[in-house]
Structures are given as structure tokens and as C-alpha cells.
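Using my numbering, the first residue of the sequence shown is number 24, and each one after it goes up by one. From the three backbone atoms N, C-alpha and C, an ideal C-beta is built for every residue, glycine too. Okay, structure first, notes after.
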Amino acid sequence: MDEKQIFGAIIKEYRERNDISQEILAKRTGLDRSYLSHIEMGKQSPTLSTILKIAAGLHVKPSTLFLEFENRVSNIGGA
Numbered sequence: 024m025d026e027k028q029i030f031g032a033i034i035k036e037y038r039e040r041n042d043i044s045q046e047i048l049a050k051r052t053g054l055d056r057s058y059l060s061h062i063e064m065g066k067q068s069p070t071l072s073t074i075l076k077i078a079a080g081l082h083v084k085p086s087t088l089f090l091e092f093e094n095r096v097s098n099i100g101g102a
């Protein structure tokens with residue numbers, strides 16, 4: 024699993040944990056649902072601006088997403 028896939032999986036997990044559909048997250052963030060889908064699948068790398076929108080849409084701090092990412096990458100020996 025590469026870094027884009029790891030970060031995308033984290034976003035998907037937070038979204039599903041809060042019972043939020045991609046459509047709802049798209050409305051909350053102003054992003055296209057298909058773009059969110061590509062991020063979750065690791066096919067797109069979100070910009071910082073996009074990450075901030077997603078974090079706000081998920082009602083989490085951006086640092087929460089980054090810390091989770093850091094933990095996972097460290098656990099697989101990537102960072």
C-alpha cells in the first residue's frame with residue numbers, strides 16, 4: 024500500500040465511522056463525489072486545501088488525519 028492509498032483509506036475509515044456517505048461529504052466540502060472517491064482509493068493526491076476541507080467535513084482536526092497517517096506509515100516502515 025503506497026502513501027496515497029494509506030491516506031485515502033484513513034479518510035474513508037473516518038467517513039464510514041461517522042456514517043457519512045461520499046455524497047454528504049461532497050456537499051459538506053464542495054468537492055466532487057468522484058474526486059473524493061479517487062482520493063479514498065489512492066488514485067489522487069489531495070492538496071493541503073482539499074485536506075482541510077475534508078477534515079472540516081468530517082469534523083476532525085487536520086492533525087488527526089496526519090497523525091493517523093504518520094502512525095500507519097511508521098508501522099510499515101515507510102517514514
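In this structure, how does DSSP classify residue i when only helix, strand and coil are distinguished?
{"i": "Val83", "result": "coil"}
{"i": "Gln45", "result": "helix"}
{"i": "Gln67", "result": "coil"}
{"i": "Leu88", "result": "helix"}
{"i": "Gly31", "result": "helix"}
{"i": "Ile77", "result": "helix"}
{"i": "Leu54", "result": "coil"}
{"i": "Leu62", "result": "The question names Leu, yet the displayed sequence has Ile at residue 62. Three-state result, Ile62: helix."}
Buried or exposed: which applies to residue i, given that a residue is buried once 16 or more other Cβ atoms fall within 10 Å of its Cβ?
{"i": "Ala78", "result": "buried"}
{"i": "Leu88", "result": "buried"}
{"i": "Thr52", "result": "buried"}
{"i": "Lys50", "result": "exposed"}
{"i": "Ile62", "result": "buried"}
{"i": "Leu48", "result": "buried"}
{"i": "Lys76", "result": "buried"}
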